[in-house]
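Residue numbers (this note's numbering): 877 to 1024.
Below: the structure, in structure tokens.
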């Protein structure tokens, strides 16, 4: 019997996979728990349409992410921080300040998608961070921590 998985099932497949299983496994385990539906012709057609829409949406998101990455490619962000006499910052610069600096340039990036290279930033100077715009689009951006 063929079924379409609605969730990932260990040792069987991933969401939206069409897999062949024994009738008893489908009838007694997969179908009652909502893990799968029978792979009828109409369900397969609906799955194909859903996958087509998802692919179109994914391509659009990827192109938008590439545009944002290109927009930030050659720009150096400036992040202001209060510092002492020897260039030590009071506190540290983290992904929140970097995300705010990117937003100031007109790009929307979640702070969770910014990865600092190295430890926390506690002194003035130039640094780099990796920004994940999309799971296939990542860029390294340069930023400078300056005294306010």
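Glycine included, each C-beta is placed from N, C-alpha and C at the ideal position.
Just so we're clear, the structure is a prediction, and the values are computed from it rather than from any experiment.
Straight-line gap, residue i to residue j (C-alpha atoms, nearest Å)
i, j, result
"residue 952", "residue 928", "39 Å"
"residue 905", "residue 916", "18 Å"
DSSP-derived helix/strand/coil call for residue i
i, result
"residue 888", "coil"
"residue 921", "helix"
"residue 928", "helix"
"residue 934", "helix"
"residue 960", "coil"
"residue 1011", "coil"
"residue 911", "coil"
Nearest neighbour of residue i, chosen from the options [CA to CA]
i, options, result
"residue 898", "884, 914, 910", "914"
"residue 980", "956, 993, 918, 968", "956"
"residue 924", "985, 1016, 912, 892", "892"
"residue 1016", "931, 1001, 972, 950", "950"
"residue 939", "1014, 1023, 1024, 1018", "1014"
Beta-carbon contacts of residue i that lie in its chain and below 7 Å, excluding the five residues immediately before and after
i, result
"residue 983", "944, 947, 948"
"residue 937", "1010"
"residue 964", "998, 999"
"residue 969", "955, 957, 997, 1021"
Neighbourhood of residue i by C-beta, 6 Å cutoff - its chain only, sequence neighbours within 5 removed
i, result
"residue 991", "1006"
In DSSP terms, what residue i is bridged to
i, result
"residue 972", "Answer is none; residue 972 lacks a bridge partner."
"residue 1020", "954, 1002"
"residue 978", "None, per the DSSP bridge assignment."
8 Å Cβ shell around residue i - same chain, five flanking residues per side excluded
i, result
"residue 986", "975"
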